[in-house]
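Quick note: the sequence shown uses the working numbering, first residue -7, plus one each step.
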Amino acid sequence: MLAWKPCLICTSRHTVHLQEIYLQRQETTTAQYYCMKCRSFFHQSNYAENDEAHRNDAQWLADHPSVENEIIAEEVVTRLGARRVFEAGCGVGDLLLAVERLGAAAQGVDPNPEAVMVAHQKGARVEAGYFSTLADPVDAIFALDVIEHVPDPRQFFHQLRDSVVDKGMIIVRVPEVNEADWHHLEGADRARDHVHTDPFIDNSVHINHFSAYGLEMMGESLGARYGGRIVGGCHLFRRL
């Protein structure tokens, strides 16, 4: 055991400094930790996207609309009954628009001003900025492919939980890292070609690598009941 620090996901002290991993965008390395309790990985990056990165990200989102948005919206609005929805990290607003087409109210926030501009052009109700607890709780809140970027994932999830009504829905999706993915650790300490299935390829911006168990454990420790997987690779929690 080289060193330890409390797990950012479950707060356990049973963590190990696993290795030094390569941060592709900064061309440097940082310490990667593994939690033996929740079986998740975490590290620090301190990377901040510049204007060019914002433009590239917004363009990619605009060029790659996902049919999953329609499926997820149908599940949450039609089957589960949400009437007021919010999305933290909503990108160009495609999911919000899918929700509105089903008759529910939808708003969102995103820190990328370029993505927000595209969202406005599409007609989505989106504000530029970082998510914080909503003053007016909603029926359902989304954070899809967001929490892996957040320096304090527990605080972020707690804000999500406090932003929904009693028994309201928190819908989260992360690029999970489970045992079948561990072989990618062997190359995480050096520069390498991009492989879509490699969860450690973009460590500059993905700093929390949740196992499915770790995500469930974190949510349940913060006042939410885990409701299992739903469509689109999403995990459903309900506020207690």
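Each residue gets a CB set at the ideal place from its N, CA and C atoms; glycine is no exception.
Can you tell me which of the three DSSP states M28 falls into?
coil
Would you mind reading off the limits of the beta strand (DSSP E) that contains Q11?
T7 to L15
Beta carbon of A107, beta carbon of V84: below 8 Å?
yes
Would you kindly work out how many angstroms separate the C-alpha atoms of L94 and E60, rounded to a whole number?
15 Å
Contact between the segment 207 to 226 and the segment 47 to 56: three or more CB pairs below 8 Å?
no
Would you grab the beta carbon distance between A98 and V91 for me? Rounded to a whole angstrom, and I think it's under 8 Å.
4 Å
For N42 and R184, the rounded distance between their alpha carbons:
23 Å
Quick one: is D158 buried, meaning 16 or more other Cβ sit within 10 Å of its Cβ, or exposed?
exposed
Comparing C-alpha positions only, which one of P(-2), T22 and G115 sits nearest to R182?
T22
For T125, tell me which candidate among L72, E67, H150 and A116 has the shortest Cα-Cα distance.
H150
DSSP on T70, reduced to helix/strand/coil?
helix
Extent of the continuous alpha helix (DSSP H) to which I64 belongs
E60 to A65
Alpha carbon of I222 to alpha carbon of M28, nearest angstrom:
27 Å
Would you check if there are 3 or more beta carbon pairs closer than 8 Å linking the segment 0 to 19 to the segment 191 to 198?
yes
Buried or exposed for G211, going by 16 or more other Cβ atoms inside 10 Å?
buried
Cβ neighbour criterion (16 or more within 10 Å) applied to A127:
exposed
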